[in-house]
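Here's the structure, in structure tokens; my notes come after.
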Amino acid sequence: MKILAFTDLHENMEFFKELERKSKKADIVICAGDFTIFNHGCKKMVKTIASLKKPTYLIHGNHENMSQVEEECKLYDNIRFIHKKVFRVNGINIFGYGGGGFSYIDRDFENFIEKHKILLTKKNILVTHQPPYNTIVDEIVEDEHAGSKSIKKYLNHFNLAISGHLHETFNKQEVINKKTLVINPSPTGMLIEIN
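With our numbering, the residue at position 43 of the sequence shown is 45, and numbering never jumps.
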């Protein structure tokens, strides 16, 4: 399955053109939040993302109002709001947890994963706005990390972890524990294949 993942679009239509181009090669689209600027244009941006005409799995970032994003997503058959939800797509579980971006410990996130741990299989994707702590995608300057220790704690359950929030780490990726690919796909997106 080919995934087009992106984050932190912030209403940039030039970047969206690049997403349109890349989406032609994707089976599904995943958005890790912050597609608006402080929730401005939320309705327009959800409609814009829906125009990719691909099954899309989306969370809100710290710039969006969760309730409004959830309501806007209901208007489109191809978009699923996945905050605190798990969707199974082609045998792969997609776990979504949006918002945040500013706490090292997030008990609500930990409770979400514990509650749904039974659904974890051989192929799992984690979509969060905040990056996992002490990884290449949360290092804002050398040896200074701004990610979530709670997310890091559960990384070994996932094959792919998609996050955003930190613009300094756009397009960065690394493999953790020889298993989990951790990425910040940037506003222009990354194509990832997972089987």
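Beta carbons: idealized from backbone N, C-alpha and C, even for Gly.
Rounded to a whole number of angstroms, what is the C-alpha to C-alpha distance between residue i and residue j?
{"i": "H169", "j": "E195", "result": "23 Å"}
{"i": "I127", "j": "E116", "result": "15 Å"}
{"i": "N129", "j": "N161", "result": "According to the sequence as given, residue 129 is Val; it is not Asn. Cα-Cα distance, rounded: 11 Å."}
{"i": "N95", "j": "T123", "result": "8 Å"}
{"i": "K86", "j": "K55", "result": "24 Å"}
{"i": "F17", "j": "L11", "result": "7 Å"}
{"i": "A148", "j": "F37", "result": "20 Å"}
{"i": "G101", "j": "I185", "result": "17 Å"}
How close, in whole Å, do the beta carbons of residue i and residue j come, if the pair is a contact with beta carbons under 8 Å?
{"i": "H62", "j": "G103", "result": "No, H62 and G103 are not in contact; Cβ-Cβ is about 11 Å, not under 8 Å."}
For a test of the three-state rule: what should DSSP assign to residue i, helix, strand or coil?
{"i": "E146", "result": "strand"}
{"i": "F17", "result": "helix"}
{"i": "A163", "result": "strand"}
{"i": "K49", "result": "helix"}
Can you tell me whether residue i is buried or exposed, with buried defined as 16 or more other CB within 10 angstroms of its CB?
{"i": "M15", "result": "exposed"}
{"i": "L77", "result": "exposed"}
{"i": "E74", "result": "buried"}
{"i": "V71", "result": "buried"}
{"i": "E66", "result": "buried"}
Do residue i and residue j have their C-beta atoms within less than 7 Å of each other?
{"i": "H118", "j": "V88", "result": "yes"}
{"i": "T171", "j": "V139", "result": "yes"}
{"i": "I81", "j": "T58", "result": "yes"}
{"i": "P187", "j": "A7", "result": "yes"}
{"i": "I30", "j": "I164", "result": "no"}
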